[in-house]
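Everything on this sheet refers to the single structure shown next.
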Amino acid sequence: MTLLLDTHVLLWWREGSRKLGPRARAAIETGAASVHVSAASAWELAMKSRIGKLELREPLHRWLPGAIDSSGFLPLPVTLAHAVHVGSLPDHHADPFDRLLVAQAALHALTVVTADAAFELYDVHVLDARA
Numbered sequence: 012m013t014l015l016l017d018t019h020v021l022l023w024w025r026e027g028s029r030k031l032g033p034r035a036r037a038a039i040e041t042g043a044a045s046v047h048v049s050a051a052s053a054w055e056l057a058m059k060s061r062i063g064k065l066e067l068r069e070p071l072h073r074w075l076p077g078a079i080d081s082s083g084f085l086p087l088p089v090t091l092a093h094a095v096h097v098g099s100l101p102d103h104h105a106d107p108f109d110r111l112l113v114a115q116a117a118l119h120a121l122t123v124v125t126a127d128a129a130f131e132l133y134d135v136h137v138l139d140a141r142a
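Letter by letter, the sequence shown follows residues 12 to 142 in this note's numbering.
Structural data, given as structure tokens:
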């Protein structure tokens, strides 16, 4: 299974949160062939931190690159193809960051690890982060 972490799942994983269920945690830590973190998630974290909707323990630029590297996660850039594909998605989700994750998952056959039920309305594989 090739995974794409939703932004909240990345935070739960980093914090060791109990919100991240054992099945999802095992898939991230041991069961997945590869785990991707989208540049869209970094962008979302940066924006939410900047406007005060998210308080991070330390600045994003200090922990995110190292956390991705030390975990063996793969950074997934946002490409023109991803951005264009967002426009063809049904309007199940209004969040532009999540829509971009859906487009990336669809174009790369990735399984999205998320607790957001709206992802299941799209034609992508989903692993419930709470499971």
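The beta carbon of each residue, even a glycine, is placed where N, CA and C say it ideally should be.
Which one or two residues does DSSP pair with residue i in a beta bridge?
{"i": "residue 45", "result": "13"}
{"i": "residue 136", "result": "122"}
For residue i, name the three-state secondary structure that DSSP assigns.
{"i": "residue 18", "result": "helix"}
{"i": "residue 123", "result": "strand"}
{"i": "residue 111", "result": "helix"}
{"i": "residue 71", "result": "helix"}
{"i": "residue 80", "result": "helix"}
{"i": "residue 97", "result": "helix"}
{"i": "residue 31", "result": "coil"}
Measuring alpha carbon to alpha carbon, tell me which residue in the options is nearest residue i.
{"i": "residue 15", "options": "26, 31, 39 and 34", "result": "39"}
With a CB to CB cut of under 8 Å and the five nearest residues on each side skipped, what residues in its chain are close to residue i?
{"i": "residue 52", "result": "16, 17, 18, 21, 108 and 112"}
My guess is that residue i and residue j are in contact by the Cβ rule of under 8 Å, so how many angstroms apart are they, rounded?
{"i": "residue 143", "j": "residue 141", "result": "What the structure shows of the chain is the stretch from 12 to 142, and residue 143 is not part of that stretch, so it cannot be assessed."}
Can you find the residues in the same chain that come closer than 6 Å, C-beta to C-beta, to residue i, ignoring five residues on each side of it along the sequence?
{"i": "residue 67", "result": "60"}
{"i": "residue 30", "result": "23"}
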